[in-house]
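Enquirer: For the sequence shown, UniProt numbering gives the first residue as 1, with consecutive numbering after it. Glycine is no exception: its CB is placed at the ideal position from the N, C-alpha and C atoms. As the structure is a computational prediction, the values presented were derived from the model and not from experiment.
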Amino acid sequence: MRKDLLALTPLYGSWIQTGSPAAAEILANAGFRWLAVDMEHTETSLKEFTNIARSMEKYGVFPMVRASENNTVEIRKYLDCGAKGIIVPMVNSAEEAKKAVAACKYPPEGVRGFAFVRANDWGDSFDDYVKRANCETVVIVMVETKAAVENIDEILTVDGVDGVFIGPYDLSGSYGIPGQTGHKTVKDAMQKVLAACKRHKKAAGQHIVTPTQENVSEAISSGFTFLALGMDTVFVSEGAKAALNMAEQKQ
Numbered sequence: 001m002r003k004d005l006l007a008l009t010p011l012y013g014s015w016i017q018t019g020s021p022a023a024a025e026i027l028a029n030a031g032f033r034w035l036a037v038d039m040e041h042t043e044t045s046l047k048e049f050t051n052i053a054r055s056m057e058k059y060g061v062f063p064m065v066r067a068s069e070n071n072t073v074e075i076r077k078y079l080d081c082g083a084k085g086i087i088v089p090m091v092n093s094a095e096e097a098k099k100a101v102a103a104c105k106y107p108p109e110g111v112r113g114f115a116f117v118r119a120n121d122w123g124d125s126f127d128d129y130v131k132r133a134n135c136e137t138v139v140i141v142m143v144e145t146k147a148a149v150e151n152i153d154e155i156l157t158v159d160g161v162d163g164v165f166i167g168p169y170d171l172s173g174s175y176g177i178p179g180q181t182g183h184k185t186v187k188d189a190m191q192k193v194l195a196a197c198k199r200h201k202k203a204a205g206q207h208i209v210t211p212t213q214e215n216v217s218e219a220i221s222s223g224f225t226f227l228a229l230g231m232d233t234v235f236v237s238e239g240a241k242a243a244l245n246m247a248e249q250k251q
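(1) Give the range of the beta strand (DSSP E) segment to which S93 is assigned.
(2) Count the other C-beta atoms from every protein chain shown that fall within 10 angstroms of the C-beta of K105, then say buried if there are 16 or more, exposed otherwise.
(3) Can the beta-carbon of V164 be found less than 8 Å from the beta-carbon of V138?
(4) Check this for me: beta carbons of A28 and S55, under 8 Å apart or not?
(5) Could you tell me which of V130, V209, E48, W34 sits nearest to P21, measuring between CA atoms?
(6) Do the segment 116-123 and the segment 175-193 touch if we need at least three Cβ pairs shorter than 8 Å?
(7) Please state whether DSSP places L156 in a helix, a strand or coil.
(8) Using a 10 Å radius around the Cβ and a threshold of 16 neighbouring Cβ atoms, would you call F116 buried or exposed?
(9) Report the rounded CA-to-CA distance for residue 256 versus P10, giving the unit in angstroms.
(10) If the criterion is Cβ atoms closer than 8 Å, does the pair E96 and S68 meet it?
(11) Cutting at 7 Å between CB atoms, please list the residues of its own chain near L5, excluding the five before and the five after it.
(12) To which residues of the same chain is G160 closer than 6 Å at the C-beta, ignoring the five residues directly before and after it?
(13) List the whole-angstrom C-beta distance separating P211 from G230, where the pair is believed to meet the contact cut-off of C-beta under 8 Å.
(14) What's the gap between the Cα of V130 and the Cα of I86?
(15) May I ask you to verify whether the segment 71-84 touches the segment 173-180, counting CB pairs closer than 8 Å and requiring at least 3?
(16) Taking DSSP as the reference, what is the three-state secondary structure of S222?
(17) Sorted by chain position, which residues of the same chain lie with C-beta nearer than 8 Å to P89's C-beta, five sequence neighbours on each side aside?
(18) Do you know how far the Cα of A83 is from the Cα of E154?
(19) Where do the ends of the alpha helix (DSSP H) carrying P168 lie?
(20) So N151 and A94 are supposed to be a Cβ contact under 8 Å. How far apart are they, rounded?
(21) With DSSP as the reference, label R54 as helix, strand or coil.
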């Protein structure tokens with residue numbers, strides 16, 4: 001998938017909040033190209049993530065993790081357990097971006113440790129996996145603060161950063177207007193990030209929690225190519241509400 005990401009091909013994925021392998025399997029079967037398991041804002045464990053990754057495999061869906069922090073050991077464990085891409089939160093500078101990339105890459109490009117793990121079939125495909133991993137692992141850094149916006153050009157020049165993912169809610173908080181994601185200040189900041197992504201030919205990502213034809217088309221037209229559409233919790237909630245509303249209207 002990294003090749004398509006770098007070619008700025010629109011890639012549609014979704015988000016997993018529940019830690020449920022069944023939910024991941026359902027979303028994988030729906031046809032999403034990638035699925036990200038949120039480890040930052042959920043109680044999902046590493047073991048649960050491993051089972052989620054297993055549930056995606058027969059569908060050929062690209063498994064990703066939104067890490068809880070820019071932590072080398074934590075990121076290594078996700079990759080060892082089967083993640084093929086990492087979304088790193090709160091990356092505010094080029095130095096922090098370099099740290100994120102290094103955690104995802106084997107030497108000499110990074111500091112990822114070697115081991116016989118699930119990702120290389122417990123050693124059976126060790127040599128092949130090590131040869132491929134640095135070229136295939138996707139590294140996305142999150143832009144969630146005023147500092148990250150101000151440093152966006154430096155962040156995007158870091159070798160190995162494949163793209164950015166904008167967090168509008170945290171971004172609004174950083175500008176002192178929490179929750180006001182439609183505020184001109186937040187919109188202007190997002191446009192600055194998008195413009196930088198275009199200059200550096202890097203992917204720009206966004207999470208559209210409640211996707212519609214209009215907001216997805218607007219995102220693509222604006223330059224976003226890495227889009228998370230909805231999430232397992234929202235799909236269940238909205239589906240349940242729609243079914244109940246339909247039934248009550250029939251009475």
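Expert: If we stick to the structure as given:
(1) Run containing S93: none; DSSP gives neither H nor E here.
(2) buried
(3) no
(4) yes
(5) E48
(6) no
(7) helix
(8) exposed
(9) Residue 256 cannot be examined here, being either before or after the span of the chain that is shown, 1 to 251.
(10) no
(11) L11, V138, D162, G163, A203, F226
(12) V101, V139
(13) 6 Å
(14) 17 Å
(15) no
(16) helix
(17) E40, R66, A67, S68, E69, N70, M142, E144, G167
(18) 27 Å
(19) 168-174
(20) 7 Å
(21) helix
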